[in-house]
Amino acid sequence: MSENTSAVKSSGRWKSKPAPYDERNNEDFKLISKNIACALEKIAHDESIPATEASLAQVARCSRGTLRNRGWPLTRLKLIKEGRKKTAVKEARTISKDARADNSKQLVSALNASRTEAAIWFDKSKQLEADKRKLQRANSLLHAENQALKKERSGLLSQNGNSSAGPPAAKIKASSVARFPERCSQ
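All letters in the sequence shown, in the order written, are residues 68 to 253 by our numbering.
Listed below in structure tokens is the structure:
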């Protein structure tokens, strides 16, 4: 065997002697593992950091290949993603329940307001119908009075012999006072 080999024969088996860079590799492996664990904790607690391989590799300062080779970081990342989905679903359910409650309160309020408005318009409609009946009665009374006055006038004109000057004022006033005393009490 040559002097540069790192294998040593002891008790019938070949054992490899640790290479000078093996110690450095172990230190790097531990450091990267620590960085990955810290990055996973950071991603788990900070929802603003996306739970993806790329973001984990960036935060841990390693390559995605390193993450894939080790396996456990991607498994833990998957658990973080599932936890976020469950949390998001719970929040959505809570928000939708609150939104439904607020929406139902708004709908009840709108319904009460429309009922109040309908009652106001119904009362106004009834009042207008009552006013219309009063005005129709007054109109029919005025129409009857007008017809009676026309009849009386034509009767007076026929008594006076169809004079164009009309009936004497005294006769008209006396007959009007007799029929409608409230109008001529001046």
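All C-beta atoms, glycine included, are put in the ideal place defined by N, C-alpha and C. Quantities reported herein were computed from a predicted structural model and do not represent experimental measurements.
Pick out whichever of the options has its Cα sitting closest to the Cα of residue i.
i: Leu-123; options: Ser-115, Arg-220, Ile-110, Glu-114; result: Ile-110
i: Ala-106; options: Glu-94, Arg-182, Leu-144, Tyr-88; result: Leu-144
i: Thr-142; options: Ile-103, Arg-200, Lys-153; result: Ile-103
i: Glu-108; options: Arg-91, Val-126, Leu-223; result: Val-126
i: Asn-136; options: Ile-99, Asp-169, Asn-170, Ala-155; result: Ile-99
Quick one: using the 10 Å Cβ neighbour count with 16 as the cut-off for buried, is residue i buried or exposed?
i: Leu-209; result: exposed
Would you please state the rounded distance, in angstroms, between the beta carbons of residue i and residue j? I believe it to be under 8 Å.
i: Ala-121; j: Arg-131; result: 7 Å
i: Ala-118; j: Lys-157; result: With 8 Å as the limit, Ala-118 and Lys-157 do not qualify as a contact, their Cβ atoms being about 17 Å apart.
i: Pro-140; j: Leu-134; result: 5 Å
i: Arg-160; j: Glu-114; result: Incorrect: roughly 18 Å between the Cβ atoms, too far for contact.
How long is the line joining the alpha carbons of residue i and residue j, rounded to whole angstroms?
i: Ser-221; j: Gln-214; result: 10 Å
i: Ala-186; j: Leu-195; result: 14 Å
i: Lys-84; j: Lys-101; result: 27 Å
i: Lys-217; j: Arg-204; result: 20 Å
i: Ile-162; j: Lys-172; result: 15 Å
i: Asn-206; j: Arg-167; result: 57 Å
i: Ala-177; j: His-112; result: 43 Å
i: Ile-116; j: Glu-94; result: 28 Å
i: Lys-153; j: Ala-180; result: 40 Å
i: Ala-86; j: Phe-96; result: 16 Å
i: Asp-165; j: Leu-174; result: 14 Å
i: Leu-202; j: Ser-192; result: 15 Å
i: Lys-199; j: Thr-183; result: 24 Å
i: Ala-197; j: Glu-212; result: 23 Å
i: Asn-92; j: Gly-138; result: 18 Å
i: Trp-188; j: Asn-170; result: 27 Å
i: Asp-190; j: Leu-223; result: 49 Å
i: Ala-155; j: Asp-89; result: 45 Å
Taking 7 Å as the cut-off, is the beta-carbon of residue i closer than that to any non-hydrogen atom of the ligand GTP?
i: Arg-200; result: Summarising the ligand content, the structure contains no ligands, and the ligand GTP is consequently not present.
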